[in-house]
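**Q**
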Amino acid sequence: MSLLHMAISVLTPVDCGQDMQYYECTPSCKNTCENFSNPEAKCQCGPPGCFCRKDMVKRADGKCVFASQCPVKAICRANAKFSLCESPCRPTCENPAPAPCNQPCVAGCFCQPGFVEDVDGICVQFRNCSNMLRPVSCKPDEQYYECPPTCNNTCEHLNEPRVKCQCGPPGCFCKKGLVKGPDGKCVLPSQCPVKLPVCRENAQFSKCAPPCRPTCQNPYPAPCAEMLCVPGCFCKPGFVEDSDGKCVHLEHCSKNCRHPGEEFQECGKSCPDTCENKGHPLSKSCPYRCNRGCFCKEGLYRTKEGTCVPLKDCPVEVTTVPTPKNPPAVKLPDDCHGCPDRSACDVFCKTMGVYTGLCTGEGHLHCRCT
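Number 134 in the UniProt record's numbering belongs to position 134 of the sequence shown; there are no gaps in the numbering.
1. DSSP three-state label for LEU311, please.
2. Return the chain-ordered list of same chain residues with a C-beta closer than 6 Å to the C-beta of PRO169, the five sequence neighbours on each side being excluded.
3. Buried or exposed: where does ASN291 fall if 16 or more other Cβ atoms within 10 Å of its Cβ makes it buried?
4. Whole angstroms are fine: how far does the CA of ASN79 sit from the CA of CYS52?
5. Taking the CB atoms as reference points, tell me whether residue 386 and PHE173 lie closer together than 9 Å.
6. One question on the structure: do ASP141 and CYS101 come within less than 9 Å of each other, judged by their Cβ atoms?
7. Answer yes or no: do ALA203 and CYS229 have a C-beta to C-beta separation smaller than 9 Å?
8. Drop a sphere of 10 angstroms on the beta-carbon of PHE66, count the other beta-carbons inside from all chains shown, and report buried for 16 or more, exposed for fewer.
9. For GLU262, report the span of its beta strand (DSSP E) as first-last.
10. From the DSSP secondary-structure annotation, give me the bridge partner or partners of TYR301.
11. Check for me: the beta strand (DSSP E) holding MET20 runs from which residue to which?
12. For SER68, which three-state DSSP category applies?
13. Taking all protein chains shown into account, decide if ARG241 is buried (16 or more other Cβ within 10 angstroms of its Cβ) or exposed.
14. Is it buried or exposed for VAL330, if we count other Cβ within 10 angstroms and need 16 for buried?
15. Below 8 Å on the Cβ atoms is my contact criterion, and I expect LYS63 with ASN31 to pass it. Report the Cβ-Cβ distance as a whole number of Å.
16. Report the option in GLN21, ASP118, GLY184, GLU24 whose CA atom is closest to the CA atom of CYS129.
17. Among GLN265, VAL106, HIS249, THR92, whose alpha-carbon lies nearest the alpha-carbon of VAL124?
18. Are CYS70 and CYS45 closer than 9 Å when you measure CB to CB?
19. Give the range of the beta strand (DSSP E) segment to which GLN191 is assigned.
20. Out of curiosity, what's the CA-to-CA distance linking PRO47 and SER68?
21. GLU201 and LYS255: beta carbons closer than 9 Å?
22. Give the DSSP-derived three-state secondary structure of PHE173 in the structure shown.
23. Please return the same chain residues whose Cβ sits closer than 6 Å to the Cβ of LEU196, not counting the five positions on each side in sequence.
24. Hey, how far is the Cα of PRO98 from the Cα of CYS85?
25. Spatial neighbours of CYS199 within its chain, please: CB distance less than 6 Å, with the 5 preceding and 5 following residues excluded, ordered by chain position.
26. For the beta strand (DSSP E) that contains residue 374, what are its first and last residues?
27. Output the distance between the C-alpha atoms of THR303 and CYS314, rounded to the nearest integer angstrom.
28. Skipping 5 residues on each side, what residues in its chain have a beta carbon closer than 7 Å to that of MET56?
29. With a threshold of 6 Å on Cβ separation, who are the neighbours of LEU250 within its own chain once the five nearest residues in sequence on each side are excluded?
30. Start and end of the beta strand (DSSP E) containing CYS208?
31. I'd like the list of long-range same chain contacts for LYS175, defined as Cβ closer than 8 Å, with 5 residues on each side in sequence excluded.
32. First and last residue of the beta strand (DSSP E) that includes PHE110?
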């Protein structure tokens, strides 16, 4: 063909067939069923012309098909089967239980379950391995086992009571006192990576955090210095714990109160009205501070049981105190909600949320909720 005819043919509109398109540089790499998964296929630019569109490959009959429609023409040996995607870490006579490897999967023939690959690449049952009578050379931190341990022998299954203990096939495994780490190396159990619990959304694990968690009912809890830190999942900074244990922004806290006679307040009292502190003025132990949460409506008082009732329905507590001989001049003053004893203080603090009540102070006791 002359150069003129070639130029004319290039400029002439090309009508490609179904599932085909025109290429100035036709693909010559991974464009057929034979080489689309071949990593050694060399990519070069072919002459202009029609070829299968980009998401299809050419089958042996010349039709353009999707790669999944290509026929599998792999002839595997006995006890092996073909797989398009299998781990390259194959079980062998030398290593019948290989550690998981992070290498990408590959296509090829692989031994069927219950078989391992011998030195000749033949799939055999482990008891038929040709090297069973040879001396076994294990790695420095490994030893040969006729019955390798399959229970609590890896960092993943360390101290896992649900793992069933069974006898594995003979081979090399970590020496006693060592376990296999995630990278396949034998390490001391203390060297295993720490398994962090899976926390909910907007929460994070902490080895040592104060148990006084910010909640929707008490987003700014007083420091609980008297209590030890505890490990667990805690809300991230800027989040508080709602009634379901979820970590949410304060503005997303539910404004629905549980008990009748309650209402949600953006700025409630530090020492709300209760049946125990009715008629007593607020003391210095109740600083003015906004508390966001559910409070009894105006004119109602909270009982020890946590309900809101009118003043007339507050239970009347009659305390009989025996008169001792030569009674000492002792007076136990009340603060905003009183502190007659530890139990009464504790009951009151529980009506405010998950708190513990303590009678504190010198000479003038007051109830402190922590």
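Glycine included, every Cβ here is placed at the ideal spot set by N, Cα and C.
**A** With the structure as the only source:
1. Indexing the sequence shown from 1 puts residue 311 at position 311. LEU311 falls in the helix class under three-state DSSP.
2. The residue labelled residue 169 in the question sits at position 169 within the sequence shown. Here the set comprises PRO96, PHE126.
3. Numbered from 1 along the sequence shown, position 291 holds the residue referred to as residue 291. By the neighbour-count rule (16 or more Cβ atoms within 10 Å), ASN291 is buried.
4. For the purposes of this step, residue 52 is taken as the residue at position 52 of the sequence shown. For the purposes of this step, residue 79 is taken as the residue at position 79 of the sequence shown. Computed Cα separation, rounded: 37 Å.
5. A question about residue 386 goes unanswered here, because the residues of the chain that appear run from 1 up to 370.
6. Looking up residue 141 in the sequence shown gives position 141. Looking up residue 101 in the sequence shown gives position 101. No, the Cβ-Cβ distance between ASP141 and CYS101 is not below 9 Å.
7. By 1-based counting over the sequence shown, the position of residue 203 is 203. By 1-based counting over the sequence shown, the position of residue 229 is 229. Contact flag unset, no.
8. Working through the sequence shown from its first residue, we reach residue 66 at position 66. When all chains shown are included, PHE66 counts as exposed.
9. Taking the sequence shown and counting its residues from 1, one reaches residue 262 at position 262. Run containing GLU262: 262-268, per the beta strand (DSSP E) assignment.
10. In the sequence shown, the residue the question calls residue 301 occupies position 301. Per DSSP, VAL309.
11. Position 20 of the sequence shown, counted from the first residue, corresponds to residue 20. Note, MET20: beta strand (DSSP E), 20-23.
12. Here residue 68 is taken as the residue at index 68 of the sequence shown, counted from 1. In the structure shown, SER68 sits in a helix (DSSP, three-state: H, G or I).
13. Position 241 of the sequence shown, counting from 1, holds the residue named residue 241. Arg is not the amino acid found at residue 241; the sequence shown has Glu there. That one is buried.
14. Looking up residue 330 in the sequence shown gives position 330. The predicted position of VAL330 is uncertain, since its pLDDT is 32 and thus under 50; no value can be drawn from it.
15. The residue labelled residue 63 in the question sits at position 63 within the sequence shown. The residue labelled residue 31 in the question sits at position 31 within the sequence shown. Not quite, the Cβ-Cβ distance comes to about 13 Å (not below 8 Å), so this is no contact.
16. The sequence position of residue 129 within the sequence shown is 129, counting from 1. Cα-wise, what sits closest to CYS129 is ASP118.
17. Residue 124 sits at position 124 when you count from the first residue of the sequence shown. It is THR92 whose Cα lies nearest to the Cα of VAL124.
18. Locating residue 70 in the sequence shown gives position 70, counting from the first residue. Locating residue 45 in the sequence shown gives position 45, counting from the first residue. No, these two residues do not count as a Cβ contact at 9 Å.
19. Looking up residue 191 in the sequence shown gives position 191. Unbroken run through GLN191: none, as it is neither H nor E.
20. If you number the sequence shown from 1, residue 47 lands on position 47. If you number the sequence shown from 1, residue 68 lands on position 68. If you take the alpha carbons of PRO47 and SER68, they lie about 27 Å apart.
21. As a working note, residue 201 is residue 201 in the sequence shown. As a working note, residue 255 is residue 255 in the sequence shown. Contact: no.
22. Working through the sequence shown from its first residue, we reach residue 173 at position 173. In the structure shown, PHE173 sits in a strand (DSSP, three-state: E or B).
23. Against the sequence shown, residue 196 aligns to sequence position 196. Correct list, in chain order: PHE205.
24. As a first step, residue 98 is located in the sequence shown; it is residue number 98 there, counting from the start. As a first step, residue 85 is located in the sequence shown; it is residue number 85 there, counting from the start. PRO98 and CYS85: Cα-Cα distance of roughly 17 Å.
25. Here the question's residue 199 lines up with position 199 in the sequence shown. PHE205, CYS233, listed in sequence order.
26. Absent from the model: residue 374. The displayed extent of the chain is 1 to 370, so no value can be given.
27. Here residue 303 refers to the residue found at position 303 when the sequence shown is read from its first residue. Here residue 314 refers to the residue found at position 314 when the sequence shown is read from its first residue. So the two alpha carbons sit approximately 7 Å from each other.
28. Within the sequence shown, numbered from 1, the residue matching residue 56 stands at position 56. Taken in chain order, the residues that qualify are ASP19, CYS64, VAL65, PHE66.
29. Residue 250 sits at position 250 when you count from the first residue of the sequence shown. Contacts found: PRO219, VAL240.
30. Here the question's residue 208 lines up with position 208 in the sequence shown. Where CYS208 is concerned, the enclosing beta strand (DSSP E) stretches over 203-209.
31. Reading the sequence shown from its first residue, position 175 is the one you call residue 175. If we look at LYS175 and ignore the five residues flanking it on each side, its Cβ neighbours are ASP141, GLU142, GLN143, CYS186.
32. Indexing the sequence shown from 1 puts residue 110 at position 110. Unbroken beta strand (DSSP E) run through PHE110: 106-111.
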